[in-house]
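Here's the structure we're looking at; comments come further down.
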Amino acid sequence: NAGVTQTPKFQVLKTGQSMTLQCAQDMNHEYMSWYRQDPGMGLRLIHYSVGAGITDQGEVPNGYNVSRSTTEDFPLRLLSAAPSQTSVYFCASSRQGQGTEAFFGQGTRLTVV
Amino acid sequence: AQSVAQPEDQVNVAEGNPLTVKCTYSVSGNPYLFWYVQYPNRGLQFLLKYITGDNLVKGSYGFEAEFNKSQTSFHLKKPSALVSDSALYFCAVRDGGTDKLIFGTGTRLQVFP
């Protein structure tokens with residue numbers, strides 16, 4: 001089982017460039033989410049989705065867009081990269097429900113110069 | 001709003017000694033609590049969860065956690081620490097209304113030989 005797959009693993013962007021971080025899961029999970037991890041701040045929720053066609057904002061959504069056209073894929077778009085978006089990004093998926101654990105991808109380390 | 005707090009940035013323990021990583025929570029309604037571990041340059045891995053029932057929850061790699069409703073705590077424990085347990089540990093809670101998984105800031109566990 002592949003689980004949750006994120007690509008790319010590393011990326012360097014120039015300020016103002018756009019890019020899409022890819023996330024795919026093969027577990028037929030309804031719930032998917034994107035987090036960013038910064039030192040001393042833990043994981044902060046950017047956007048999440050409870051199913052195809054449904055997305056909502058998390059704690060730090062500014063500067064990011066998402067869409068969920070299929071159950072499997074949940075891409076994260078940076079429209080105009082800023083140095084403040086330098087971070088490690090994690091995608092996660094889970095079944096619907098409060099008692100379900102989430103499965104995480106390996107992360108994308110993004111540097112904006 | 002649901003939240004968790006991890007009061008210690010770092011915990012140091014000698015190999016073979018018991019370890020405790022602390023977590024307190026604030027929720028409205030029933031708590032659904034999780035512990036995750038992150039090894040260097042890896043994604044997060046699920047360790048254990050509390051949904052209901054026994055206050056002592058057993059998980060992966062010999063870890064367990066004690067749920068204490070009166071103290072609103074969910075501390076992670078292990079009777080005998082290993083050097084390989086050195087990692088970053090996150091406590092998390094599920095939001096009942098949205099299923100969002102909300103993380104603490106993390107505690108770095110360092111086990112010395």
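Sequences listed follow chains A and B, in order.
The opening residue of the first sequence carries number 1 in this note's numbering; numbering runs sequentially from there.
The opening residue of the second sequence carries number 1 in this note's numbering; numbering runs sequentially from there.
All C-beta atoms in this analysis are idealised placements derived from N, C-alpha and C, irrespective of residue type, glycine included.
If you're wondering where the values come from, they're calculated on a predicted model, not measured in any experiment.
In terms of residue numbering, what span does the beta strand (DSSP E) encompassing residue i cover?
i: residue 68 of chain A; result: It is not in any beta strand (DSSP E) - residue 68 of chain A carries neither H nor E in the DSSP assignment.
i: residue 91 of chain B; result: 87-94
i: residue 14 of chain B; result: 10-14
i: residue 79 of chain A; result: Unbroken run through residue 79 of chain A: none, as it is neither H nor E.
i: residue 60 of chain A; result: Here residue 60 of chain A belongs to no beta strand (DSSP E), and DSSP marks it neither H nor E.
i: residue 41 of chain B; result: Element bounds for residue 41 of chain B: n/a, residue is neither H nor E.
i: residue 58 of chain B; result: 56-58
Would you kindly work out how many angstroms separate the C-alpha atoms of residue i and residue j, rounded to a whole number?
i: residue 68 of chain A; j: residue 74 of chain B; result: 34 Å
i: residue 94 of chain A; j: residue 32 of chain B; result: 14 Å
i: residue 5 of chain B; j: residue 13 of chain A; result: 33 Å
i: residue 22 of chain B; j: residue 97 of chain A; result: 25 Å
i: residue 115 of chain B; j: residue 66 of chain B; result: Outside the displayed range of chain B (1 to 113) lies residue 115 of chain B, so it cannot be described from this structure.
i: residue 70 of chain B; j: residue 8 of chain A; result: 45 Å
i: residue 101 of chain A; j: residue 99 of chain B; result: 11 Å
i: residue 21 of chain A; j: residue 36 of chain A; result: 12 Å
i: residue 108 of chain A; j: residue 86 of chain B; result: 22 Å
Spell out the partners DSSP gives residue i in its beta bridges.
i: residue 13 of chain A; result: A:112
i: residue 49 of chain B; result: B:34
i: residue 32 of chain A; result: A:49, A:93
i: residue 150 of chain A; result: The requested residue 150 of chain A is not part of the displayed model; chain A covers only 1 to 113.
Tell me, to the nearest whole angstrom, how far the beta carbon of residue i is from that of residue j; I am working on the premise that it is less than 8 Å.
i: residue 59 of chain A; j: residue 79 of chain A; result: The pair is not a contact, with the Cβ atoms about 18 Å apart (cut-off 8 Å).
i: residue 3 of chain B; j: residue 26 of chain B; result: 5 Å
i: residue 83 of chain B; j: residue 8 of chain B; result: The Cβ separation is near 19 Å, so there is no contact.
Original post:
Using Cβ-Cβ distances below 9 Å, what residues of the region 43-67 of chain A are close to chain B?
Top reply: 43, 44, 45, 48, 50, 56, 58, 59
Subject >> Positions along the region 23-42 of chain B whose CB lies within less than 7 Å of some CB in chain A >> reply: 32, 34, 42
**OP:** Pull out every residue of the region 43-73 of chain B whose Cβ sits closer than 7 Å to any Cβ of chain A, in chain order.
**Re:** 43, 44, 46, 49, 51
Original post:
In the region 84-104 of chain B, which residues sit with their C-beta less than 9 Å from some C-beta in chain A, listed in chain order?
Top reply: 90, 92, 94, 95, 96, 98, 99, 100, 101, 102, 103, 104
Subject >> Near-chain B residues of the region 93-107 of chain A - C-beta to any C-beta below 9 Å >> reply: 94, 96, 97, 98, 99, 100, 101, 102, 103, 104, 105, 106, 107
Subject >> Proximal residues, the region 24-37 of chain A versus chain B, C-beta separation under 8 Å >> reply: 31, 33, 35
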